[in-house]
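Here the structure comes first, spelled out in structure tokens, and everything after it is commentary.
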Amino acid sequence: MKKLCYVILILFLICLIFARQEVYNEFHFQQKNHLFNVESKQPYVLMSHKDLIVKINANNEREIIYENPQRLAEIENNRNTLLRLHFNQDYPGFVILNENNVFTDSDATWINETTAEISVPEGIYKICTIFYFDSLWKLVINSNVDLTSGGVVEIFIDHNEAIYLLEHNSTDINNEPFDLSDKFYANFCFHFLERPFFLGFIDMTNDMMFTSGFSEDIVFVTGELIHNDNSIYITQYGPFPEIDSSLSFSNEPADYHQQQLSLDIPSIIEDPKIGISNTYWSDTGEGFFFYLGIMAENYLLDCNDDQWNTDLYMMNNVYTATGNTTTINIGSLEDDFFMPNYFTSPFHCIEGSIGSFLNFVPTIVDYLSPNGEQLFFGQSPIYIKAFHMYNDNLFSPIISIYGYNNELRWYDVYNSTFTLTDSDGNLFAEGELLDLWNFNLPPDQYTLIVEDTNFSLKGLSGTGKLTNIFDSTLEMPNPPYFNALQIRNEYGKPVNQIEHNESSSLLISVADNDLVDNVYVYSPVITDSVKAFYKNHFEDMWNELDIEFIHDYNNSFTWTYGKVFSADLSSLTAIDSVAYDLKISSKDEEDNYTEFILEPAFVVGNFDATSIIYNEIPISTFTLTNYPNPFKPSGAGCSPATTISFNISRKDAKNAKVEIYNIKGQRVKTLECINRVDTKATESLSHYSVTWNGRDDNNKPVTSGVYFYQLVTDNKIINKKMLLLK
């Protein structure tokens with residue numbers, strides 16, 4: 001089970017993070033051993049290009065994390081000049097590159113501990129050599145190396161050429177130097193823009209390194225992550241287009257922007273741990289890299305409460321194409337494996353506001369919280385995302401579940417279920433969601449249903465239900481999927497509770513993407529097919545919302561690519577203390593269909609189901625009805641309007657009233673109950689009633705249709721529905 005969870009996690013990252021490169025599938029299967037394994041605390045360097053990623057640790061041990069098979073053939077067919085490199089240290093790492101080629105020490109033949117040979121095509125190259133000397137990284141860059149003459153070229157490289165010290169002297173919010181005995185990472189990242197290629201030095205032991213000078217086609221950025229039980233600090237410096245002297249990186253307390261982070265922890269997790277991992281990302285236009293970091297066991301924090309809170313202090317992103325940041329994980333430690341129950345997206349700080357999202361720059365559906373505010377994770381609403389991959393008849397769905405601040409809810413994935421049926425309604429497979437993996441599907445139309453019942457909202461048990469209808473015979477059989485679902489208050493913040501009479505909106509992003517010949521192809525959903533509905537949680541009838549198309553992100557540089565829609569929910573907040581469900585549906589040009597239902601999605605006012613379900617008066621005896629139903633207004637025929645009856649105690653009846661709302665959530669009538677109660681009632685239940693004649697507070701007749709009536713007391717609120725006919 002643990003291994004399968006891990007595979008599901010990696011597959012999700014393939015789809016979500018690396019959707020725009022043909023080679024990413026192989027990449028992340030190779031990188032999976034470095035995402036959540038708990039390792040000892042040691043520094044390492046990553047050499048990265050879209051064709052190759054190599055990891056080198058402080059003991060000069062190297063590991064190819066990813067290598068494009070096509071690259072190997074190109075290397076073998078294109079070698080002319082024999083380059084012989086001599087070093088003054090045993091087995092350093094190195095990379096040789098120009099605008100056409102990238103080679104590393106893994107491609108070389110080592111003649112002895114300090115000499116390596118490699119045959120490369122003729123050209124002008126950079127040679128970057130990586131030494132780990134006296135517990136410090138040293139980078140020596142040899143630019144404009146002429147390898148156009150052919151034959152044998154010998155070059156001697158000395159780690160003493162790295163003469164410039166790059167040193168962090170960051171301070172905290174109190175202007176105190178960082179205590180490196182805390183949990184600490186430092187990133188030193190060099191971008192070679194002509195290829196592009198980057199070297200990332202990720203050190204968990206030191207805040208300094210040495211480099212030789214450079215000025216051409218290289219950009220340097222750096223930053224630190226340090227945390228303890230109560231706070232997280234993220235510093236970022238750069239970009240530096242050249243280095244010709246030693247550099248010291250420092251900051252002022254005013255450079256930080258603050259967020260209070262609150263993370264809800266599923267109660268079922270035994271001995272929960274908080275993992276805070278260093279994250280680095282880079283995009284130079286052609287090549288892209290995203291690294292989630294390694295968490296060392298002594299970096300994990302214990303958490304004994306149902307919520308974990310911390311302060312995040314973060315400097316602005318250095319520039320949009322690269323950054324030093326963090327992700328936060330909640331889970332449990334099993335042997336040497338950290339099992340995440342959910343983890344946040346990387347944090348970004350842009351002009352003083354902080355958000356958790358994967359994009360380099362925020363899109364419409366990415367929330368940036370102002371300085372000093374609070375970001376919540378682990379609360380509903382949620383949405384379920386399903387991306388299907390096919391290889392002939394092999395069906396490999398990637399199912400992921402998110403919270404409203406982009407956190408991955410792996411606890412929900414572990415504990416959800418599915419059913420898969422064919423076009424005749426025959427059951428093909430069912431069971432735990434983690435069992436939904438690599439089915440051979442004969443050509444047909446299928447219905448996949450994924451159900452998550454692992455959350456609650458204000459005392460109500462929640463259900464998220466995703467339905468996919470897709471035709472496996474099509475070239476592009478993937479149904480639409482959701483990239484975002486949020487309920488936002490009048491300040492634009494994602495929430496699950498709206499205040500009474502507060503402005504609010506629904507925001508969703510819908511995309512359609514298929515993997516065709518190992519290339520991700522984006523196809524927009526049909527705009528008019530996207531529908532949104534709502535209903536009272538305690539009722540059965542869905543009501544359609546007016547939905548508005550806002551924007552189409554049609555390239556994969558934004559991971560929320562797809563069409564973005566909004567709907568105004570303000571009218572629903574006119575009714576106080578009520579819970580609402582949402583349903584959203586869409587189809588693509590191939591008639592593949594997706595529907596998602598969230599019950600409940602949000603509440604209004606002070607709604608809390610526990611005040612109804614666990615009240616001192618049993619719900620079975622605390623009744624609210626109306627008769628007749630349906631009914632006609634007074635004077636319009638056979639029935640004299642409708643009588644609303646309820647059982648209530650004298651104590652609760654003191655300030656009781658019945659409010660009538662139309663289908664838009666607008667209050668049309670208030671019926672005071674003070675003169676209609678039994679004055680002889682005791683504290684036990686007694687029967688009361690009021691009548692409504694079908695007119696509003698201005699004594700004007702209302703239109704026919706569905707109306708909601710709500711009994712409101714000091715301690716209880718109950719909602720019911722009735723139908724007025726004319």
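Using this note's numbering, the letters of the sequence shown map in sequence onto residues 1 to 726.
Idealized CB from N, CA, C, for every residue including glycine.
Beta-carbon proximity of residue i to residue j, cut-off 7 angstroms
| i | j | result |
| --- | --- | --- |
| Leu166 | Met47 | no |
| Gln497 | Ser369 | no |
| Asn489 | Ser504 | yes |
| Gly562 | Ala511 | yes |
| Leu97 | Phe220 | no |
| Asn626 | His687 | no |
| Leu394 | Asn440 | yes |
| Phe482 | Asn592 | no |
| Ile234 | Met339 | no |
| Tyr402 | Pro494 | no |
| His191 | Phe249 | no |
| Ser353 | Phe347 | no |
| Asp745 | Asn228 | The requested residue 745 is not part of the displayed model; the chain covers only 1 to 726. |
| Leu133 | His159 | A quick correction: the sequence has Phe, not Leu, at residue 133. Yes, they are a contact pair. |
| Asn371 | His257 | yes |
| Cys83 | Val54 | Inspection of the sequence shows that residue 83 is occupied by Leu rather than by Cys. No, these two residues do not count as a Cβ contact at 7 angstroms. |
Expected contact under 8 angstroms - CB spacing of residue i and residue j to nearest Å
| i | j | result |
| --- | --- | --- |
| Ile364 | Thr344 | So it is not a contact: roughly 20 angstroms between Cβ atoms. |
| Phe377 | Asn405 | 5 angstroms |
| Ser689 | Ile644 | 6 angstroms |
| Ile350 | Gly464 | Actually they are not in contact, since the Cβ atoms of Ile350 and Gly464 sit about 30 angstroms apart, beyond 8 angstroms. |
| Thr211 | Tyr280 | In fact, because the Cβ distance is near 18 angstroms, the residues do not count as touching under 8 angstroms. |
| Asn543 | Ile663 | 6 angstroms |
| His86 | Thr114 | 6 angstroms |
Span separating the alpha-carbon of residue i from that of residue j
| i | j | result |
| --- | --- | --- |
| Glu683 | Leu457 | Below a pLDDT of 50, predicted positions are generally treated as unreliable, and Glu683, at 46, falls in that range; the measurement from the model is reported next regardless. So the alpha carbons of these two residues sit roughly 31 angstroms apart. |
| Leu427 | Thr447 | 10 angstroms |
| Asp51 | Asn68 | 5 angstroms |
| Thr417 | Gly431 | 6 angstroms |
| Asn606 | Val578 | 8 angstroms |
| Val525 | Glu548 | 14 angstroms |
| Leu724 | Glu672 | 21 angstroms |
| Glu595 | Pro266 | 27 angstroms |
| Glu194 | Phe240 | 16 angstroms |
| Ile65 | Ser570 | 50 angstroms |
| Asp452 | Ala609 | 20 angstroms |
| Ile731 | Leu180 | The question about residue 731 has no answer, for the chain in this structure spans 1 to 726. |
| Gly637 | Arg695 | Because the pLDDT of Gly637 is 46, which lies under 50, any placement of that residue in the model is unreliable, and the question is left without a value. |
| Gln710 | Trp692 | 13 angstroms |
| Ile717 | Lys657 | 10 angstroms |
| Thr148 | Asn100 | 14 angstroms |
| Met722 | Pro442 | 48 angstroms |
| Phe184 | Gly275 | 13 angstroms |
| Asp678 | Lys632 | No answer about Asp678 holds up, because its pLDDT of 46 lies below 50 and its placement is not dependable. |
| Thr541 | Ala601 | The residue asked about is misnamed: residue 541 is Met in this sequence, not Thr. Rounded to the nearest angstrom, the two C-alpha atoms are 16 angstroms apart. |
| Gly323 | Asn317 | 6 angstroms |
| Asn478 | Ala532 | 21 angstroms |
| Thr642 | Val702 | 14 angstroms |
Residue of the options minimising C-alpha distance to residue i
| i | options | result |
| --- | --- | --- |
| Leu139 | Glu430, Asn80, Lys126 and Ser571 | Lys126 |
| Asn309 | Tyr688, Leu572, Ile717 and Leu261 | Leu261 |
| Glu176 | Gly150, Val516 and Glu252 | Glu252 |
| Ala116 | Asp207, Val54, Phe94 and Thr670 | Phe94 |
| Thr527 | Phe360, Asp588 and Gly372 | Asp588 |
| Glu735 | Asp207, Asn230 and Glu216 | Given that the chain is displayed from residue 1 to residue 726, the structure contains no residue 735 and the question cannot be resolved. |
| Ser523 | His537, Glu539, Phe538 and Asp552 | Asp552 |
| Val564 | Tyr256, Ala484, Asp90 and Asp546 | Ala484 |
| Gln307 | Val668, Ile330, Gly323 and Met315 | Ile330 |
| Asn304 | Ser277, Glu270 and Asn316 | Glu270 |
| Arg409 | Phe178, Trp437, Asp264 and His500 | Asp264 |
| Glu161 | Cys128, Glu154 and Ile173 | Cys128 |
| Val603 | Ser215, Asp581, Met476 and Glu590 | Asp581 |
| Ser529 | Ile584, Ile398 and Phe631 | Ile584 |
| Ser135 | Arg667, Lys700, Thr205 and Asp217 | Thr205 |
Element boundaries [alpha helix (DSSP H), containing residue i]
| i | result |
| --- | --- |
| Trp410 | Trp410 to Tyr414 |
Where the beta strand (DSSP E) through residue i begins and ends
| i | result |
| --- | --- |
| Asn228 | Note, Asn228: premise wrong, no beta strand (DSSP E); not H, not E. |
| Asp203 | Phe197 to Asp203 |
| Lys55 | Leu52 to Asn57 |
| Ile111 | Thr109 to Asn112 |
| Asp581 | Val578 to Lys587 |
Residue-level contact to chain C via CB, residue i, 7 angstroms cutoff
| i | result |
| --- | --- |
| Lys531 | Here chain C cannot be found, since the structure has a single protein chain. |
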